[in-house]
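Structure first, then comments.
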Ligand SMILES: [Zn+2]
């Protein structure tokens with residue numbers, strides 16, 4: 021029997037190993053505070069390279085795109101045919117970008133730069149032979165005295181080893197910081213966690229790390245697939261005065277408290293976004309924001325950060341605020357809409373617990389969404405809730421979500 025099984029293995033294994041070709045993909049990034057630009061080179065090297073790469077330049081922050089290999093530039097795309105064994109494409113990236121009139125969500129100063137690496141390297145669609153894989157690294161070329169932090173492991177040569185599960189053409193993603201920076205690092209619930217910010221700014225790195233060490237373990241129980249790296253970057257004015265989640269990372273303004281006046285936590289809120297990786301369709305943003313806000317209180321309660329009494333009070337306040345939202349089914353969820361969505365999440369959690377004899381909860385629904393990631397819809401959310409409850413759920417009935425605004429409108 022054994023030799024036959026072994027032969028079967030060979031039949032399956034040989035073609036796979038023959039197909040699994042790999043090429044090296046190196047992102048070389050130079051950051052120049054004088055020009056405010058990043059000089060980016062994408063270098064491919066290997067016996068076989070992708071036939072074509074299509075870079076999405078829509079954000080308009082890229083210039084001087086060039087290569088010695090065939091390259092076609094349109095308004096918002098660069099179509100590049102690399103051709104082996106070694107090919108390079110270069111461009112410049114404008115780091116400063118405003119969000120709102122006076123605030124930045126990407127910024128370079130004389131002393132530091134905070135930006136998102138998935139903007140630095142735009143979305144790239146690759147046409148390549150089946151089985152062709154990239155081994156991707158990112159190498160930073162920084163001014164003297166500067167250091168950097170990205171949510172990836174570092175190799176011996178000082179480069180970052182990029183991963184992007186499920187993607188064949190790997191590119192860097194998430195927040196990054198470079199400059200004269202201070203950082204604190206710890207492993208929390210198996211997650212390599214780092215808090216980094218420019219030196220000299222009044223930033224509570226240790227407090228933030230301690231806060232994460234109480235709350236990340238509870239988050240990881242709900243989302244066991246949470247990334248193995250977490251980078252929290254922070255800075256003061258004129259950076260964006262809120263929190264912004266990214267892949268394996270988040271940005272938080274230095275003035276934001278770890279727990280707000282209404283007892284929710286912006287840090288945990290953004291962490292839930294990092295964990296779920298979901299976005300709303302035209303009317304499901306309340307699910308994305310409602311879950312993040314609900315768990316920003318719920319995780320604090322579970323970690324002992326707030327008592328049951330203070331938790332109940334906070335929930336009541338949110339419910340009162342939520343009465344101001346006529347409907348949940350809008351494009352962008354904010355303020356009272358998210359507050360009302362939190363109430364729905366709490367009610368749904370109770371309904372699932374009652375229906376399942378306490379065997380399931382909203383945690384199962386959140387986990388299901390995080391496994392699929394991407395765009396979420398009310399239909400998908402309801403399916404997961406009913407799967408957890410083992411029966412139909414009443415909490416997500418249309419009248420509960422306030423369809424008033426939709427009445428009379430034809431469905432597309
Ligand atoms: Zn949010």
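Numbering (my numbering), first residue to last: 21 to 432. We put the CB at the ideal spot given by N, CA and C, even for glycine. Here the structure is a predicted model, which means the values were calculated and not measured.
- For the pair residue 273 and residue 316, the CB atoms are not nearer than the 8 Å cut-off.
- If you draw a 10 Å sphere on the C-beta of residue 412, you find fewer than 16 other C-beta atoms in it, and that means exposed.
- With 6 Å as the limit, the residues whose C-beta approaches a heavy atom of ligand 1 more closely than that are 289, 293, 309, 312, in chain order.
- Your pair residue 169 and residue 251 checks out as a contact, with CB atoms roughly 6 Å apart and the cut at 8 Å.
- Take the alpha-carbon of residue 223 and the one of residue 198: they are about 16 Å apart.
- In this structure, the CA atom of residue 203 is about 43 Å from the CA atom of residue 371.
- Nearest Cα to residue 70 within the set 131, 79, 57, 42: 42.
- In this structure, residue 192 lies away from residue 125, with their beta-carbon atoms at least 8 Å apart.
- Cβ contact annotation for residue 238 (same chain, cutoff 7 Å, sequence separation greater than five): 319, 322, 323, in chain order.
- Taking 8 Å as the cut-off, the beta carbon of residue 339 is found no closer than this to the beta carbon of residue 376.
- Out of 351, 401, 380, the CA that lies nearest to the CA of residue 364 is found in 401.
- Using a Cβ distance threshold of 8 Å, residue 47 and residue 158 count as a contacting pair.
- With at least 16 other beta carbons inside 10 angstroms of its own, residue 102 counts as buried.
- DSSP, read as helix, strand or coil, puts residue 256 in coil.
- Rounded to the nearest angstrom, the gap between the Cα atoms of residue 310 and residue 187 is 29 Å.
- Cβ neighbours of residue 285 within its own chain (closer than 7 Å, five residues either side excluded): 278, 279, 316, 320.
- Around the beta carbon of residue 293, a 10 Å sphere encloses 16 or more other beta carbons of the protein chains shown; the residue is thus reported as buried.
- Nearest neighbour of residue 45 by Cα position, chosen from 106, 232, 82, turns out to be 106.
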